[in-house]
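Colleague:
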Amino acid sequence: MSLDAIAVEPMTSVARAAHLMRDQDVGGVLVSYDRDLFGMLTDRDIVIRTVAEDRDPHTTRVGSVCTRPPVVTLAPEDTTDHAAELMRRYAVRRLPVVEGDGSPVGIVSLSDLAAAEEPDSPLADIGRASPDR
Numbered sequence: 054m055s056l057d058a059i060a061v062e063p064m065t066s067v068a069r070a071a072h073l074m075r076d077q078d079v080g081g082v083l084v085s086y087d088r089d090l091f092g093m094l095t096d097r098d099i100v101i102r103t104v105a106e107d108r109d110p111h112t113t114r115v116g117s118v119c120t121r122p123p124v125v126t127l128a129p130e131d132t133t134d135h136a137a138e139l140m141r142r143y144a145v146r147r148l149p150v151v152e153g154d155g156s157p158v159g160i161v162s163l164s165d166l167a168a169a170e171e172p173d174s175p176l177a178d179i180g181r182a183s184p185d186r
């Protein structure tokens, strides 16, 4: 799990969130409000719900384009097997990790699972690779 997951508020501009994602080399950010998970914004959300819809990323707010609940989530004590099953069942690459009170604490990505379960796999290698700049 990535404990240093980035969280933004729903009123954050899509452009600001995209800059954060670029700077931190991540494909998704948690969207939270008042310590509760509001949704999750992925690079795909930005492309499909903002760019492809001709919306201005500087004025469009994250809360209007992020994937909203029910977002599939994990609890901190869930196993990697459970995470993999949820990813398979819901066809997602990232799962927010939330405490019982609904507050987000991290994200588990497909490459996190690969690194944990099969550290020598090609997917684990890709997840560890430096980003192309």
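Just so you know, we're using the numbering used here here: the sequence shown kicks off at 54 and counts up by one. For glycine and all other residues, C-beta sits at the position ideal for the given N, C-alpha and C.
Report all residues from its chain with a CB closer than 8 Å to the CB of Gly-153; omit the five preceding and five following residues, and keep chain order.
Modeller: Ala-128
Colleague: Taking the C-alpha atoms as reference points, what is the distance between Arg-186 and Met-74?
Modeller: Low confidence applies to Arg-186: its pLDDT is 48, below 50, so where it sits in the model is not reliable, and the reading given next is rough at best. In a straight line, the C-alpha of Arg-186 is about 14 Å away from that of Met-74.
Colleague: Go to Met-140, then tell me how far its beta strand (DSSP E) extends in each direction, as first and last residue.
Modeller: First-last for Met-140: 133-143, but that is the alpha helix (DSSP H), not the beta strand (DSSP E).
Colleague: Determine whether the beta carbon atoms of Thr-190 and Arg-147 lie at a separation below 8 Å.
Modeller: For the chain, the structure presents residues 54 to 186; residue 190 sits outside this window and is missing.
Colleague: I need the boundaries of the beta strand (DSSP E) containing Ser-85, first residue and last residue.
Modeller: Residues 81-86.
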